[in-house]
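Peer 1:
Numbering (the numbering used here), first residue to last: 22 to 167.
Given below as structure tokens:
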């Protein structure tokens, strides 16, 4: 281990000499500043092998509490605090899928992406248009048995 450290120190010294020598040939450096340049280069080379601490970003805080984000008429985005009837398009603009959004904010898998009132309105419209019925069945008026 001591040999590795000696080789490492010898390598740092060798690289420092080469870099400072090349720098001094092309740039006028006062003799009084030379020790500072040498120390700076040697320090920089010495830090090259060290791993830097990974920067962990601070978790993002929601724009509104999760409980208040759900209302009957609209959903409030935890990303920007704006009201939406449906979140899917908004999330797409942010580069998120509904699954990623739920995971990011710790939401349950059944957290809605559509406001309840909007979903009911669309369901009523679909039923009026006869969507969702099996082929061959008719919207019949029930005959009274008698």
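Heads up, the beta-carbon is just placed ideally off N, CA and C, and yes, glycines get one too.
Bear in mind the structure is a predicted one, so any value in this text is a computation, not a measurement.
#1: Going by other Cβ atoms of all chains shown within 10 Å of its Cβ, with 16 needed for buried, is residue 90 buried or exposed?
#2: Among 38, 129, 67 and 69, which residue has its Cα nearest to the Cα of residue 55?
#3: Can you tell me the Cα-Cα spacing of residue 42 and residue 64, whole angstroms?
#4: Measure the beta-carbon distance from residue 94 to residue 138 and round it to whole angstroms, keeping in mind my assumption that it falls under 8 Å.
#5: Are the beta-carbon atoms belonging to residue 33 and residue 59 less than 7 Å from one another?
#6: Is residue 34 helix, strand or coil when you go by DSSP?
#7: Look at the alpha carbon of residue 104 and the alpha carbon of residue 110, and state the distance between them as a whole number of angstroms.
#8: Just mark residue 152 as buried or exposed, buried being the case when its beta carbon has 16 or more other beta carbons within 10 Å.
#9: Can you check the segment 95-141 for any beta strand (DSSP E) of at least 3 residues that lies completely inside it and give the ranges in chain order?
Peer 2: Once the coordinates are examined:
#1: Of the residues assessed, residue 90 falls on the buried side of the cut-off, its CB having 16 or more other CB atoms within 10 angstroms.
#2: 38
#3: 16 Å
#4: 5 Å
#5: no
#6: Reduced to three states, the DSSP call for residue 34 is helix.
#7: Distance between the alpha carbons of residue 104 and residue 110: 13 Å.
#8: exposed
#9: Runs of the beta strand (DSSP E) lying entirely within the segment 95-141, each at least 3 residues long, are absent.
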